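**Q** Using this note's numbering, you'd call the opening residue of the sequence shown number 96 and step up by one each time.
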Amino acid sequence: MRGESVAELWVVLQEQDGLPPEYNQEVLAEAQELAKQHSGRLQLCAVQLRAPLPTATEKSTEPFFKSIVPERFYVLEHPSLERYTTEGYVAALSWLIRAHTPALIVTSATANGQDWAPRLAAQLGLPFVARCLRFVLEQDTLLTLRALYGGRAYVQTRTRLGRLPALVTFAPGTRGTPSASRSQLGRSPEPEVLRYQLPLAIEEQSPRLQHLGIEAPAAEEVELEAAEKIVAGGRGVGREGFAELATFARLLGAAVGASRVATDRGWVEPERQIGATGKSVSPRLYIACGISGAAQHTSGIREAQTIIAINPDRNAPIFALADLGLLGDAREILRRAIQLLQEESVGV
Numbered sequence: 096m097r098g099e100s101v102a103e104l105w106v107v108l109q110e111q112d113g114l115p116p117e118y119n120q121e122v123l124a125e126a127q128e129l130a131k132q133h134s135g136r137l138q139l140c141a142v143q144l145r146a147p148l149p150t151a152t153e154k155s156t157e158p159f160f161k162s163i164v165p166e167r168f169y170v171l172e173h174p175s176l177e178r179y180t181t182e183g184y185v186a187a188l189s190w191l192i193r194a195h196t197p198a199l200i201v202t203s204a205t206a207n208g209q210d211w212a213p214r215l216a217a218q219l220g221l222p223f224v225a226r227c228l229r230f231v232l233e234q235d236t237l238l239t240l241r242a243l244y245g246g247r248a249y250v251q252t253r254t255r256l257g258r259l260p261a262l263v264t265f266a267p268g269t270r271g272t273p274s275a276s277r278s279q280l281g282r283s284p285e286p287e288v289l290r291y292q293l294p295l296a297i298e299e300q301s302p303r304l305q306h307l308g309i310e311a312p313a314a315e316e317v318e319l320e321a322a323e324k325i326v327a328g329g330r331g332v333g334r335e336g337f338a339e340l341a342t343f344a345r346l347l348g349a350a351v352g353a354s355r356v357a358t359d360r361g362w363v364e365p366e367r368q369i370g371a372t373g374k375s376v377s378p379r380l381y382i383a384c385g386i387s388g389a390a391q392h393t394s395g396i397r398e399a400q401t402i403i404a405i406n407p408d409r410n411a412p413i414f415a416l417a418d419l420g421l422l423g424d425a426r427e428i429l430r431r432a433i434q435l436l437q438e439e440s441v442g443v
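1) State the Cα-Cα distance for the pair Ser394 and Leu199, rounded to the nearest angstrom.
2) Whose C-alpha, out of Glu285, Ala266 and Ala432, is nearest the C-alpha of Ile163?
3) Quick one, are the C-beta atoms of Ala501 and Gln391 less than 9 Å apart?
4) For Phe230 and Leu240, I'd like the C-alpha separation in whole angstroms.
5) So, do the segment 320-329 and the segment 378-389 have three or more beta carbon pairs nearer to each other than 8 Å?
6) Counting pairs of beta carbons, one from the segment 423-440 and one from the segment 349-365, are three or more of them closer than 8 Å?
7) Where Arg253 and Ala389 are concerned, what is the direct C-alpha to C-alpha distance, given to the nearest angstrom?
8) Do three or more CB pairs link the segment 331-340 to the segment 413-429 at distances below 8 Å?
9) Using 10 angstroms around the beta-carbon of Val263, count the other beta-carbons present and answer buried if the total reaches 16, otherwise exposed.
10) Taking 9 Å as the CB-CB cut-off, is Glu233 touching chain D?
11) Might you give, ordered along the chain, the residues of its own chain that have their beta carbon closer than 7 Å to the beta carbon of Asn207, omitting 5 neighbours on each side?
12) Applying the criterion that 16 or more other CB atoms from any shown protein chain within 10 Å of the CB defines a buried residue, is Ala102 buried or exposed?
13) Classify Gly420 as helix, strand or coil using the three-state DSSP reduction.
14) Quick check on this structure: which residue in Tyr291, Ser387, Thr401 and Ala322 has the alpha carbon closest to the alpha carbon of Leu496?
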């Protein structure tokens, strides 16, 4: 990091339907851990982009910082930032970087994050690393860990920090979200808020862009990190059984997840893998079908509120974590559950 002065570590927050999603919290948690390791040399800051708000309706920082509060909170306001656009984010963040020049910028590798981050890096010539699982600083070198080939291999990259900040996107669901709230921590700290009305003509940069609306995905297609209900399958479901599992998930309004065995065998896409080499999830309901409960998988479901396990092996480790266990063949139970849900939908 630059000299002996305090450098800034920025977390660029994202919004979903006007609300801060949970994956902001895990990025803040990872960044806070790094800032603590370099206490006195690295300051945790957060950045929000939004349309201007009247002073009387100023939002509290509580929804954004549930358990982790940065030392400084940059709020960038411009009428064009009411909705996400690539040009708006790139222009606004370019302005802030030129004004304050942090050492490191981190954001979640969501669809929007993966859209604006590489464009910002290209425009300003910033070092850029995508979808990191971990990032640490060793003196003036940024070390990042990334997964390759669906988690079958890992690569560590080294980036020398210089005059320009490095930009990193953090893979959602890597570490899960902190469970403690500010009230539970017994304190209500507030960050220093720096609010800017951006002097930019952003709307003139994208005259061909017209916002038509946002189409919500079907429940079974929702990103696992954001899903409130998940039905996951493992070895006990089998290749053919995943079609039944997907049907059950659709009827239940749940997302589809999988163990590493299922993704390694090509029964479901790698993006659906949950566990140490996949994603960490925090749904209200998690149904594990034909999953034995190896530590590699259960490390990714620790934040689930209610776990239901279906397995024919009464000694399967998954039952030790489950709130409710069903002893039996997962496919047979899925078929019966599908039948009951279909009968209920037609009022039989």
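Glycine included, every Cβ here is placed at the ideal spot set by N, Cα and C.
These numbers were taken from a predicted model, which means no experiment stands behind them.
**A** Short version:
1) Stepping through the sequence shown from its first residue, residue 394 is reached at position 299. Stepping through the sequence shown from its first residue, residue 199 is reached at position 104. If I take the Cα positions, the gap works out to 29 Å.
2) Taking the sequence shown and counting its residues from 1, one reaches residue 163 at position 68. Checked all of Glu285, Ala266 and Ala432; the closest Cα to Ile163 is Glu285.
3) Here the chain covers residues 96 to 443 and nothing more, so residue 501 does not appear.
4) Residue mapping note: residue 230 aligns to position 135 of the sequence shown, counting from 1. Residue mapping note: residue 240 aligns to position 145 of the sequence shown, counting from 1. The straight-line gap from Cα to Cα measures roughly 6 Å.
5) yes
6) no
7) Along the sequence shown, one-based indexing puts residue 253 at 158. Along the sequence shown, one-based indexing puts residue 389 at 294. Using only the alpha carbons, I get a separation of about 33 Å.
8) yes
9) Reading the sequence shown from its first residue, position 168 is the one you call residue 263. Buried is the call here.
10) No chain D appears in this structure, which consists of one protein chain only.
11) The residue labelled residue 207 in the question sits at position 112 within the sequence shown. Once the five neighbours on either side are set aside, the close Cβ partners of Asn207 are Gln109 and Tyr179.
12) Counted from its first residue, the sequence shown places residue 102 at position 7. Buried.
13) To locate residue 420, count along the sequence shown from 1; it is residue 325. The answer is strand: DSSP assigns Gly420 an E or B state.
14) Since the first residue shown for the chain is 96 and the last is 443, residue 496 is missing from the structure and cannot be characterised.
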